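Report on the following structure.
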Amino acid sequence: MGTRATDRLSDWLTTAQAAELLGVTPRRVRQLAKVELRIEYKMVSDRLMLVKRIDVERLAEVR
């Protein structure tokens, strides 16, 4: 049961991790998620946004 939770969490990245993969700022990652709707995201708290790993990897391949 613990493995499933770990697997689900590994599907998500913080904006800082996504920014590092894409070579952009965390602010740009938030913009891509909220404004341009290119990255699926979820808000964990007022300040913490997680973004879908697969969407970030797809964008990284295109760039």
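In numbering that gives the first Met the number 0, the protein residues as written are 0 to 62. We put the beta carbon where it would ideally sit given N, CA and C, even for glycine. Just so you know, these numbers come straight off a predicted model, no measurement behind them.
Residue range of the beta strand (DSSP E) that residue i falls in?
i     : result
Thr13 : Trp11 to Thr13
Leu49 : Met48 to Lys51
Give the straight-line distance between the Cα atoms of residue i and residue j, rounded to the nearest whole angstrom.
i     : j     : result
Asp58 : Leu12 : A small fix is needed here, since residue 58 is Leu in this sequence, not Asp. If I take the Cα positions, the gap works out to 14 Å.
Glu35 : Arg7  : 24 Å
Met0  : Asp45 : Summary for Met0: the model assigns pLDDT 48, below 50, so the residue's position carries little reliability; its value from the coordinates is reported in the next sentence. Roughly 29 Å between the two C-alpha positions.
Val43 : Val50 : 10 Å
Leu47 : Glu60 : 25 Å
Thr24 : Arg62 : 15 Å
In the DSSP assignment, find the unbroken alpha helix (DSSP H) run with residue i in it and report its ends.
i     : result
Leu31 : Pro25 to Lys33
The ligand GTP and residue i: does the residue's C-beta get closer than 8 Å to at least one heavy atom of that ligand?
i     : result
Glu56 : Ligands are entirely absent from the displayed structure, and the ligand GTP is therefore not among its contents.
Residue i by DSSP, collapsed to three states: which one?
i    : result
Met0 : Its pLDDT being 48, under 50, Met0 is placed unreliably in this model, and the value from its coordinates should be taken loosely. The answer is coil: DSSP assigns Met0 none of H, G, I, E or B.
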